[in-house]
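**Student:** In terms of my numbering, the sequence shown opens at residue 5 and continues consecutively. Glycine is no exception: its CB is placed at the ideal position from the N, C-alpha and C atoms.
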Amino acid sequence: MIGKPRLFAPECESTQLLLLGADLPEGAVAVTDHQTAGRGRLGRTWVEAPGTAVLCSVLLRPPAERRAVELSLVTAVAVAEAVEAATGLSAQIKWPNDVMLNRRKVAGILAEMRDSVVVVGIGINVNQTREQLPADARTPAGSLRSLTGCEYDRDDVSATLFARFDQRYAQWLDRGLDGVFDDLGSRDFLRGRRVRVGDEAGTALQIDRQGRLEIAFDTGGHRTIDSGEVEFER
Ligand code: BT5
């Protein structure tokens with residue numbers, strides 16, 4: 005059951021650190037109002053103004069026969085659904101770990117693995133004003149508020165998130181990525197977009213059944229990539 009037990013810290017370095025190495029059951033979550041050293045992927049940072057965002061981590065103990073790398077995408081489906089439930093707008097999933105609303109990144113996901121435990125961190129920009137969002141973000145940042153003009157109850161957003169995550173994780177345990185594939189593919193932000201990977205340009209085709217991104221490169225040939233950075237043309 006995702007969301008039990010629930011650890012809350014008014015402020016912490018990173019909710020990931022509250023769960024990594026902790027002896028807690030699957031489904032335990034850590035929630036905070038402010039992170040002093042919020043983590044992105046690859047040593048990057050995640051920043052937010054205190055009291056404006058949903059910031060949480062979830063402890064999972066996936067079975068060995070499932071591909072844990074797929075968990076970012078499974079989580080992204082649940083995050084997109086929580087954003088949609090709050091705003092009534094359609095959200096997209098930008099492979100491999102971002103949730104987009106109106107072409108802006110409103111949420112990021114970070115999955116860290118230690119032994120057989122995966123800690124999935126989720127940051128959703130909820131009530132930040134435009135001025136409170138990072139201006140220099142790699143992908144333009146938005147919040148639910150900056151994009152809709154409305155403020156939201158962060159506890160409602162996180163309650164929906166945990167409920168959706170619970171269902172999506174159960175589907176993944178049961179059937180792997182196939183269990184969430186339709187709801188992932190229909191939200192694929194990069195599909196059909198011009199993209200760049202390193203110094204190679206091409207067109208993104210789709211997220212495949214293994215959770216990889218298929219790209220048709222301009223130099224010819226299709227390739228799937230497992231991880232890494234994809235820039236898109238705006
Ligand atoms: C991510 O990394 O998008 C994963 C973010 C995960 C954050 C959650 S919050 C709860 C949990 N505890 C943590 O410590 N982390 C997780 P990445 O794709 O590497 O994106 C990071 C980049 O996004 C940064 O280098 C900035 O350019 C940009 N960025 C930073 N803060 C942002 C924000 N609030 N909204 C949008 N973009 C942001």
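Let me know the secondary structure DSSP gives Q96 once reduced to three states.
**Tutor:** To locate residue 96, count along the sequence shown from 1; it is residue 92. Of the three classes helix, strand and coil, the one that applies to Q96 here is strand, per DSSP.
**Student:** Where do the N-terminal and C-terminal ends of the alpha helix (DSSP H) with Q210 fall, by residue?
**Tutor:** What you label residue 210 is simply residue 206 of the sequence shown in a count that begins at 1. Element bounds for Q210: not the alpha helix (DSSP H) but the beta strand (DSSP E), 204-211.
**Student:** Give me whichever residues DSSP pairs with G127 in a beta bridge.
**Tutor:** To locate residue 127, count along the sequence shown from 1; it is residue 123. BP columns for G127 point to L59, G112.
**Student:** Please specify which runs of the alpha helix (DSSP H), each continuous and at least 4 residues long, are wholly inside the segment 119-177, giving them in chain order.
**Tutor:** Segments of the alpha helix (DSSP H) lying fully in the segment 119-177: 148-152.
**Student:** In this structure, does DSSP put T49 in helix, strand or coil?
**Tutor:** In the sequence shown, counting from the first residue as 1, residue 49 sits at position 45. Reduced to three states, the DSSP call for T49 is strand.
**Student:** Taking C-alpha atoms, which residue in A115, T40, G202, R191 lies nearest to R65?
**Tutor:** Start at 1 with the first residue of the sequence shown, and residue 65 comes out as number 61. Nearest option by C-alpha distance: A115.
**Student:** Taking 8 Å as the CB-CB cut-off, is D140 touching chain C?
**Tutor:** No chain C appears in this structure, which consists of one protein chain only.
**Student:** Any contact between the segment 57-75 and the segment 118-126? By contact I mean 3 or more CB pairs, one from each, below 8 Å.
**Tutor:** These segments touch.
**Student:** Looking at S147: is its Cβ nearer than 8 Å to the Cβ of V110?
**Tutor:** Mapped onto the sequence shown, residue 147 falls at position 143. Mapped onto the sequence shown, residue 110 falls at position 106. The answer is yes: Cβ separation under 8 Å.
**Student:** With distances taken between CB atoms, is the gap from A90 to Y156 smaller than 8 Å?
**Tutor:** Start at 1 with the first residue of the sequence shown, and residue 90 comes out as number 86. Start at 1 with the first residue of the sequence shown, and residue 156 comes out as number 152. Their beta carbons are under 8 Å apart, which means A90 touches Y156 by this criterion.
**Student:** Which residues mark the beginning and the end of the alpha helix (DSSP H) in which A89 is found?
**Tutor:** Here residue 89 corresponds to residue number 85 of the sequence shown, with the count starting at 1. It spans 75-91 - the alpha helix (DSSP H) in which A89 sits, taken as one unbroken run.
**Student:** For A13, which residues of its own chain have a beta-carbon under 6 Å away from its beta-carbon, when the five flanking residues on both sides are left out?
**Tutor:** What you label residue 13 is simply residue 9 of the sequence shown in a count that begins at 1. Cβ within range, chain order: T36.
**Student:** Taking 8 Å as the cut-off, does the segment 10-26 touch the segment 82-102 (at least 3 CB pairs, one atom from each stretch)?
**Tutor:** The segment 82-102 is not in contact with the segment 10-26.
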